[in-house]
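Going by full-length UniProt numbering, the sequence shown opens with residue 1, and the numbers climb by one from there.
No residue lacks a Cβ here, since even glycine has one placed at the ideal position from N, Cα and C.
Here the structure is laid out as structure tokens; the discussion comes afterwards.
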Amino acid sequence: MSKKELNVGPSTEDLLKEVGHNLKLARYRRGLSASQVADRAGISRSTLQLIESGESNMSLVSLISILHALRLDIVDFFRGDDPLGRKLQDIQLLSGKTKKNKK
1 MSKKELNVGP
11 STEDLLKEVG
21 HNLKLARYRR
31 GLSASQVADR
41 AGISRSTLQL
51 IESGESNMSL
61 VSLISILHAL
71 RLDIVDFFRG
81 DDPLGRKLQD
91 IQLLSGKTKK
101 NKK
């Protein structure tokens with residue numbers, strides 16, 4: 001049995017790009033490489049890069065695996081909230097400012 005092609009309209013493409021962008025942002029906030037997240041999620045780095053760029057119709061399993069690798073709750077993710085990522089980013093920013101002030 002052959003797979004049916006998924007008809008992805010413009011709004012779906014935009015949504016995939018937004019989801020991918022938010023995953024990439026969460027990864028950056030955590031200071032993780034694509035390889036680290038892909039390894040933890042059990043997917044290839046190239047698959048992760050396709051997902052982050054919005055060029056892949058990811059499976060729900062892949063999304064949940066990536067969110068788990070990022071330690072990001074699925075409800076928070078779809079709410080647009082990333083409490084852990086924001087805290088980590090704040091710590092980085094504050095420590096960066098502290099280092100600059102000491103120089």
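Of the listed residues the options, nearest to residue i (C-alpha basis)
i, options, result
"Gly85", "Leu94, Ile64, Arg79 and Leu72", "Leu72"
"Gly20", "Asp90, Val37, Gln49 and Leu93", "Gln49"
"Asp90", "Gly31, Asp39 and Glu13", "Gly31"
"Leu88", "Asp14, Leu25 and Glu13", "Leu25"
Under 8 Å between C-beta atoms of residue i and residue j
i, j, result
"Arg27", "Leu70", "yes"
"Ser59", "Gly42", "no"
"Glu52", "Leu23", "yes"
"Phe29", "Asp81", "Just to set this straight, residue 29 is Arg in the shown sequence, not Phe. No, these two residues do not count as a Cβ contact at 8 Å."
"Arg45", "Ser56", "no"
Residue i, buried or exposed, once every other Cβ within 10 Å from all chains shown has been counted against 16
i, result
"Phe77", "buried"
"Ile37", "For clarity, residue 37 is Val in the given sequence; the question names Ile instead. By the 10 Å Cβ count, Val37 comes out buried."
"Gly54", "buried"
Start-end ranges of the alpha helix (DSSP H) lying completely within the UniProt domain "HTH cro/C1-type" (23-77), minimum 4 residues
34-41, 45-52 and 60-69
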